[in-house]
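If you're matching them up, the sequences are chains A and B in order. Counting in the numbering used here, the first sequence runs from 20 upward without gaps. Counting in the numbering used here, the second sequence runs from 42 upward without gaps. Ideal Cβ placement from N, Cα and C applies to all residues, glycine included. Contents: one structure, followed by commentary.
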Amino acid sequence: MTTIAALPKRRRIKRGRIALHAFLITMSLIWIFPLVWAFFTAMRPLSDTIVHGYWSWPQTLNFQNFIDGWNNANLGYYYLNTLIVTVPAVLITLFLASLVAFALTRVRSRINLFLLMMFTAGNLLPPQVIIVPLYTIYNAIPIAKPFSDNGRLYDQYIGIILIHIVFQLGFCVFVLSNYMRTLPKELNEAALVDGASIFRTYRSIILPLCTPALAALGTLEFTFIYNDFFWALLLMFTGSKRPITAALNDLRGQFFTNENILAAAALMVAIPTIVVYIALQRQFIRGLTLGSTKG
Amino acid sequence: MPDPQVLGSAPAPGPTGAGVVTSGGRKGRYSILTRRDKIALGLMVGIPTALTTFFIWLPTFASILLSFTDYQGIGGITAKNVVGLKNYIFLFTEYTLFWPALIHNVLWLAFFILIATPLGILLAVLLDREIRGSRFYQNVFYFPVVLSLAVVGFIWELQYAPDGFIDSVLHLNTQANTIDFLGNRSLNIWAVLVAASWRHIGYIMVLYLAGLKSVDPTLREASAIDGASERQTFLRVIFPVMAPINVIIVVVTVIESLRAFDLAFIINQGTNGLELLSTLITNNSISEASLVGFGSSIAVVLLVISLIPIILYLSRVMRSTGE
């Protein structure tokens, strides 16, 4: 009796499931397609696509465009530029943000909320709002020799690193202070009673407990800073010092007749972030959603 | 570009996450801190605060002041440079690119709010249920988010180019004219919006999924016992308790629309139908011309519009972190 009554409903659910999967599979195919097409284009020699067009059965498929792109466009060199900017920027951002978050969660005072708002709002501001005066400031501030070879912040690695730190601080402070609030307060007090200095408490007690949050944020920040195009474009003038995303745009001048090599170069630029995403996926998603679930 | 990141951070929705914070504040707690500790705390907050003030807030205020001048970036600014509202009057009445740019930004926002963001939410709701392969689908929809917009631009150019995928397919059976998706000035903004959505939808999906996961499961059970359908449960029960996340989603969407720059710049430097407030600022003040004063007035317009979502967001943060 019950089974008979349940039957139509189950069938309805089943049909619903099929429709759902059909929808999701269709969407997935649409989502993957642009990447597949880029890969397909990159695998074909230019001579083949010139004769037969891009929509044609491939005569040959090989990685020659990737090799040519790597060698002629000197991509390895631009990866290094990106590395010079990204690694210090991520580390210093996390360090400074953890200090602020620690201090803000340690001492409760009226000014905390104001500071938290100031950092957060700074991160939400469209960068184009500040770019014009920033450009002037970057040209005006004198910087000593070892850090800057032209005596300024403009057109320097240190200038790019600095703006990333400043801009990313807000997000990291927000996430880390949310995270630190979930740690038991007794930890702080116990350390104080034992006579540990405030820095010692930060260094030996709170920071180790924040490792999961720092790992998640580090993964996320690496991707953000690696992917930056805007700051590199406007604050780095010398083409040979630009990071790989901005260099990709410059490559267009060099290879404007060869879409196949450009596709290969674009895919190579994407590889590090895709690898990081696949390898550290959980960290990645956690970083994005850390604040939303309060650790 | 400073990415799609914005803030994935939201006060937790609904009953599960209410009233976080509140570290009990015994008065006089600070007295155990030594002088050195207080100095250390001051430095911990002070240095990053000084950096943010100097490199973000000082330029913001400088933008406002510069917008009342005709400064061109060379030499000092004197009283002679002050021109009052002249930049704004020129901007609103004579500068032919301003209104198209503003309309493109509004279009961007409308497209995101009406199509991309709801689609992201829909995917999140569908994938939140226990279905086979949910993880796989999530990864597929999310992967464009990890790509640089520079890469996204290049990948979609291969779709839109005259000899690219879309035109090739359109030509299979007909001798239709080639559609120049990126060169046609009334078409290219839509082409860019599709590419931008490819990335935005996955981002919204992840944020919303995290919100859905933190909803108290008993709410869903209760509503199922009461005989509500899945759709009713979402619209009447889940969506309302997700209010804090919904605000975040709206803020993220608005901010993303205002920040839009990279794709337009990569395709044609933000000209010929792809003008945006952001590209007008850089094109006037840094790239071709050095109309610092005039460019700043566009920056101020962008700032004023941006303050709406920023204040909305901060009032949220205050409410959940405040008391």
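Item: I want to know whether the region 291-298 of chain A touches the region 195-212 of chain B - three or more CB-CB distances under 8 Å.; Value: no
Item: Kindly say whether Ser209 of chain B, judged by its beta-carbon, lies nearer than 9 Å to any beta-carbon of chain A.; Value: yes
Item: What residues from chain B crowd round Met62 of chain A, counting only those whose CB sits closer than 8 Å?; Value: Ordered by position in chain B, no residue passes the 8 Å Cβ test against Met62 of chain A, which lies about 13 Å from the chain.
Item: Round the Cβ separation of Leu299 of chain B and Leu260 of chain B to the nearest angstrom and send it over; I've been treating them as touching at under 8 Å.; Value: At roughly 35 Å, the Cβ-Cβ gap does not stay under 8 Å, so Leu299 of chain B and Leu260 of chain B are not in contact.
Item: List the whole-angstrom C-beta distance separating Ser319 of chain B from Phe335 of chain B, where the pair is believed to meet the contact cut-off of C-beta under 8 Å.; Value: Not confirmed; about 15 Å, so no contact.
Item: Quick one: does Ala86 of chain A have its CB under 9 Å from some CB of chain B?; Value: First, the amino acid is wrong: residue 86 of chain A is Ile here, not Ala. For Ile86 of chain A, the answer is no, since every Cβ of chain B falls outside 9 Å of its Cβ.
Item: Starting from Arg176 of chain B, follow the alpha helix (DSSP H) in both directions and report where the run begins and ends.; Value: Ser175 to Tyr183
Item: Determine whether the Cβ of Asn218 of chain B lies closer than 9 Å to any Cβ atom of chain A.; Value: no
Item: The alpha helix (DSSP H) that contains Ala284 of chain A, what's its start and end?; Value: Glu278 to Ala298
Item: Residues in the same chain with beta-carbon distance under 8 Å from Gly194 of chain B, minus the five sequence neighbours each way, listed in chain order, please.; Value: Ala236, Asp303, Leu304, Ile307 and Ile308
Item: Would you list the one or two residues that DSSP bridges to Val123 of chain B?; Value: B:Thr110
Item: What's the gap between the Cα of Ser104 of chain B and the Cα of Ser337 of chain B?; Value: 5 Å
Item: Glu297 of chain B lies in the alpha helix (DSSP H); which residues open and close that run?; Value: Ala284 to Arg300
Item: Is the distance from the Cβ of Leu188 of chain A to the Cβ of Ala122 of chain A below 9 Å?; Value: no
Item: Under 7 Å between beta-carbons, which chain A residues line up against Ala284 of chain B? List them in chain order, please.; Value: Per Cβ cutoff of 7 Å: no residues; Ala284 of chain B is ~13 Å from chain A at best.
Item: Can you confirm whether Trp197 of chain B, when its beta carbon is compared against all beta carbons of chain A, has any partner nearer than 9 Å?; Value: yes
Item: Quick check on Lys254 of chain B: does DSSP put it in helix, strand or coil?; Value: helix
Item: May I have the straight-line CA-CA distance separating Met85 of chain B from Arg125 of chain A, to the nearest angstrom?; Value: 11 Å
Item: Listed from N- to C-terminal order along the chain, which residues in the region 291-312 of chain B have their beta-carbon within a distance smaller than 7 Å of any beta-carbon of chain A?; Value: Ile296, Leu299, Arg300, Phe302, Asp303 and Ile307
Item: At a CB-CB cut-off below 7 Å, which residues of chain A make contact with Val187 of chain B?; Value: Thr242, Thr292, Ile293 and Tyr296
Item: Taking the alpha helix (DSSP H) that Asp267 of chain B belongs to, which residues open and close that run?; Value: Looking at the DSSP string, Asp267 of chain B is not in any alpha helix (DSSP H), and its letter there is neither H nor E.
Item: The alpha helix (DSSP H) with Ile177 of chain A in it runs from where to where?; Value: Tyr176 to Arg200
Item: Using the beta-carbon of each residue, which ones in chain A are nearer than 8 Å to Val86 of chain B?; Value: Leu118, Val119, Ala122, Leu123 and Leu134
Item: Can you give me the start and stop residues for the alpha helix (DSSP H) that Ile103 of chain A sits inside?; Value: Leu94 to Arg125
Item: Between A:Asn279, A:Ala41, A:Leu281 and A:Gly272, which has its C-alpha nearest Tyr178 of chain B's C-alpha?; Value: A:Ala41
Item: Which bits of chain A does Asp204 of chain B rub up against, with CB to CB less than 9 Å?; Value: Thr68, Gly72, Tyr73, Trp74 and Glu278
Item: Can you pull the chain B neighbours of Gly141 of chain A, defined as C-beta to C-beta under 8 Å?; Value: Thr93, Ile97 and Trp98
Item: Thr259 of chain B by DSSP, collapsed to three states: which one?; Value: helix
Item: Go ahead and pull the three-state DSSP assignment for Arg219 of chain A.; Value: helix
Item: Would you list, in chain order, the members of the region 347-358 of chain B that have their beta-carbon closer than 7 Å to a beta-carbon of chain A?; Value: Ser347, Ile351, Tyr354, Leu355 and Val358
Item: Let me see if you follow: with CB-CB separation under 9 Å, is Ile304 of chain A close to chain B or not?; Value: yes
Item: From Gly65 of chain B to Ile339 of chain B, what does the alpha carbon distance come to, in whole angstroms?; Value: Legend: pLDDT at Gly65 of chain B = 42, less than 50; position of this residue unreliable, value from coordinates given subsequently. Roughly 46 Å separates the two Cα atoms.
Item: With 16 other CB atoms within 10 Å as the buried threshold, where does Pro165 of chain A fall?; Value: exposed
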